[in-house]
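Following our numbering, the numbering of the sequence shown begins with 1 at its first residue and continues without gaps.
Every residue, glycine too, gets a C-beta built ideally from N, C-alpha and C.
Presented below is the structure to which this report refers.
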Amino acid sequence: MDKKKVIKFVVITYVIAWTLQIIGSLYMLNDPGMTGSLVFRGSLAVCMFAPLIAAWIAKGNLKGMGWKPKFKGNIKWLFTAAYVAIPLTALGAALFFVIFPNLFDGSGSALAAQAQAQGVDLTEMLDQAGMDMKTYLIIQIIPAALIAPFINIITAIGEEAGWRGFLYPELNKSFGKTGTWLIGGTIWGVFHFPAMIIGGYEYGKDYLGAPVLGLVTFTVCCIVLGILEEVVYDRTKCIWYAALLHGSFNAIATIPQVFMNVNDPDINRNLVLGPLPNGLISMIPFIIFAVILGAWSIRRKKVES
1 MDKKKVIKFV VITYVIAWTL QIIGSLYMLN DPGMTGSLVF RGSLAVCMFA PLIAAWIAKG
61 NLKGMGWKPK FKGNIKWLFT AAYVAIPLTA LGAALFFVIF PNLFDGSGSA LAAQAQAQGV
121 DLTEMLDQAG MDMKTYLIIQ IIPAALIAPF INIITAIGEE AGWRGFLYPE LNKSFGKTGT
181 WLIGGTIWGV FHFPAMIIGG YEYGKDYLGA PVLGLVTFTV CCIVLGILEE VVYDRTKCIW
241 YAALLHGSFN AIATIPQVFM NVNDPDINRN LVLGPLPNGL ISMIPFIIFA VILGAWSIRR
301 KKVES
């Protein structure tokens, strides 16, 4: 491992990303309305390209990351990357709602509350359109599950080129698979800390064990997701597949929130537990799958070598 190159990469990544996250978070705190939210989300989207920029500045092997799409022999990995997050997220959300049934609401109250916060009466709008909430939920969920992963790949590639394309291969030279997954995932998790601490990214600010439990939980999520994406990248040798899995997770992750009972006073407190797949409870199916896939990958490497 080129230690100096890795340190340079991490420092540059953090400087760019943390600066953008701090600016976006402070702007949102000063303007908590729609404009502030858009600026905050925009800063998060832009900072996703920080790892790619850092890899370029650190003189990583960008050309060797597998930019040319490779479909031959990779169709199973294409579908895995695009859609494996769907059943895992559904299982995790189901597990969370079984444990906390009072936090489930299939009437779409969460969507109605989000619309209300933006000055839109969703119920009245649907009545005028002759549409019920169930149909509206289906219309919202299906595109997010099937189409959004391929759209999200545009921003996800910025992170994947840095993490999976540069950082993980470097770490592998000194720490092996397990060490790389733990160290790389932790670096990836810390990448988000300013937005979480200042802006309440992912779990808000009044959740159980805030702010430490949220930082630890999200880091575990990054370690788990990093295992899945690294295995996909290792098997396909194409960075786009890792970006597709990343984009798929981002797309499907928000779907469970439409079934949240926003009128329950415990909903914000329990966000660190679920129902989104980065919660401690709802993450369990991802953890199990990551352990299985990771163990398979290590055994496969030993056989091949």
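Less than 7 Å divides the Cβ of G165 from the Cβ of M65. Only exposed fits P143, as fewer than 16 other CB atoms lie within 10 angstroms of its CB. Listed in chain order, the alpha helix (DSSP H) elements of length 4 or more contained wholly in the segment 83-107 are 85-99.
If you check the CB distance, N268 and G204 come in under 7 Å.
Between N172 and I183, the alpha-carbon positions lie close to 10 Å from each other. Taking C-beta atoms under 8 Å as the contact rule, L137 and G108 qualify, at a distance of about 6 Å. With a cutoff of 7 Å on beta-carbon distance, K5 and A58 are scored as near each other. Taking a 10 Å sphere around the C-beta of T217, we find 16 or more other C-beta atoms and assign the residue as buried. The Cβ-Cβ distance between A85 and F249 falls below 7 Å. Rounded to the nearest angstrom, the gap between the Cα atoms of S37 and M28 is 6 Å.
Of the residues F104, A156 and L215, the one whose Cα lies closest to the Cα of I239 is A156. Residue environment analysis places I153 among the buried positions, since at least 16 neighbouring C-beta atoms fall within 10 angstroms of its C-beta. Pairing F259 with G42, the inter-Cα distance amounts to about 26 Å. Of the residues assessed, N102 falls on the exposed side of the cut-off, its CB having fewer than 16 other CB atoms within 10 angstroms.
Taking 7 Å as the cut-off, the Cβ atoms of G226 and G185 count as close. One alpha carbon belongs to P265, the other to G274, and they sit about 15 Å apart. If you draw a 10 Å sphere on the C-beta of V232, you find 16 or more other C-beta atoms in it, and that means buried.
Residue pairing from DSSP places M260 in a beta bridge opposite F104. Distance from the CA atom of F100 to the CA atom of H192, rounded to whole angstroms, is 28 Å. Scanning its chain for C-beta atoms nearer than 6 Å, with the 5 sequence neighbours on each side dropped, one finds around E170 the residues M1 and V6, in chain order. Taking C-alpha positions only, G92 is separated from Y83 by approximately 15 Å. Taking each of L228, N270 and W67 in turn and checking the Cα distance to A290, the smallest one comes out for L228. Here M196 carries a helix assignment [DSSP, helix/strand/coil]. Here V272 is buried, its C-beta having at least 16 other C-beta atoms within 10 Å. Boundaries cannot be given for A58, as no alpha helix (DSSP H) includes it and DSSP labels it neither H nor E. G199 sits close to F40, with the two beta carbons spaced by under 7 Å. Within the segment 139-225, the complete alpha helix (DSSP H) segments at least 4 residues long are 148-162, 168-190 and 193-199, listed from N- to C-terminus.
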